[in-house]
Every structure is written in structure tokens, then in C-alpha cells.
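Down below is the structure, laid out as C-alpha cells.
Residue numbers (this note's numbering): 1 to 246.
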């Protein structure tokens, strides 16, 4: 993230003090019906979780101890993504449809705090459930662009995406001696965001920030100590991307 911000700052300063700043570059870009390019970026992934109403009133026995749930916390983690894109002009340069198949690497972490009660003492017991995903996503996005100002423009976007988790353990047998959290392989998300575009002589460069939130409960109930307290789980995340189009 730090290196990305430094790069963008240097790009801005270069544009600001360039003698050709006011000369419009890549004038024919908006005349074309289709554009193609690629994307690189970073993301932060997390869960929206809904706990059951009586989640803290049902301790469970495991070996010679009693465990009583105290808290569940969801922690966002950093990942990355790359993709290829095709953009279609919908009659005017101010409205475009974008299709961008994306491969993303994500991790979500749920931190569980239990009170562990034995015959000899009572202590706090901490356990993390890490859900790693390699997602293949297929987003369709509508882009609403502002009019071009010299070599800059801005845009807003809204759309939806289907994603397939290639690393999902949906069909794996549950291990009740060492249980793990199961997440569904297929998901659908709504997406919203915006970006800034910079025109170079032979390509267009964009910086984009996007928020994505699932519309499907992806939690699989196996009646383990980790999924039993949770009613629903939804994938969510922020995506920061660098996009190059020719």
C-alpha cells in the first residue's frame, strides 16, 4: 500500500509540472467501441456476521473441560488480485459496461474467546478460524464517467459479481476433533465504487476503489463450536486497483 501511494504521488507531481499538461493525450480513446486492458491490486477481506440471540447461553463439553463462548471478533486481512478487462461504450463515452474476470487471493479471520472451566481452574481460551480463499470472479459493472478535463476524468461504478472459491472446503468431511469453519463455494456480490483516470499518449491509467458485499449467506452449519453460535456470514471487502487500458 505504501509503495502504491508513493507511485501515485510521483505520477501526480509529474503531471502537475509537465510542460505538456494541457495538451490532450490519446484523443481517439473515446471514439472506440471496445477497450481491453488488465488490472493489478490489493484488497482487504472480512465477514459481516450475525450471531444467534442465545449464543452466549450454551456452554459445551469437550474432553474434561466446559467451554463458554465470550466473544467472536472478525478481523480484516490483506490480499491481492489481478484481472483482465473488456469495456464496451454504451452509445456515449460517459456510460460504459465493463466485464473483468478476476483472480483474487483472500483470507478472513474469526477470533473466538472462550471461558474454559476445568475442575482445577477457569481460564480464557482463544482460538482463530482462518478462511483462505482463491476466488475466480466475474463482475459486470456499469461505469458513469464525468466529462474529460484535459488528461483527467473521474467515474462512479455499480454492478454485481459471481465468484467461485477454488479453495473452498464445502465438500470436505468435518473433523469434529479439530473442527473448522466451512464456507460455500459459490457467492454473489453487489459492488459500488469510483475511480480517477489519467490519459498517457498511448494508454489510459486508472486508480479505483471499490466496495463489495455478498448477498448470500455463505456459512455451512455443521454444528461445531465455531459455526453453532453464528446465524449468517456474508463476504465483504475493499478493493484498491490499478487499471491499464489501451
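Ideal Cβ placement from N, Cα and C applies to all residues, glycine included.
Please read all numbers here as calculations on a predicted model, not as lab measurements.
- The C-alpha of residue 104 lies about 14 Å from the C-alpha of residue 242.
- Judged by beta-carbon spacing, residue 41 lies beyond the 8 Å limit of residue 164, meaning their Cβ atoms are not closer than that value.
- Where residue 118 is concerned, there is no enclosing beta strand (DSSP E), because DSSP gives it neither an H nor an E.
- Between the alpha carbons of residue 181 and residue 51 lies a distance of about 15 Å.
- Rounded to the nearest whole angstrom, the CA to CA distance from residue 64 to residue 118 is 7 Å.
- For residue 88, the closest C-alpha among the options 143, 71 and 213 is that of 143.
- In this structure the region 106-125 touches the region 43-61; the number of beta carbon pairs closer than 8 Å is three or more.
- Residue 26 carries a coil assignment under DSSP once its states are collapsed to helix, strand and coil.
- In the three-state scheme derived from DSSP, where H, G and I count as helix and E and B as strand, residue 215 is classed as coil.
- Around the beta carbon of residue 192, fewer than 16 other beta carbons lie within 10 angstroms, which makes this residue exposed.
- Distance from the CA of residue 223 to the CA of residue 58, rounded to the nearest whole angstrom, comes to 13 Å.
- Judged by beta-carbon spacing, residue 82 lies beyond the 8 Å limit of residue 99, meaning their Cβ atoms are not closer than that value.
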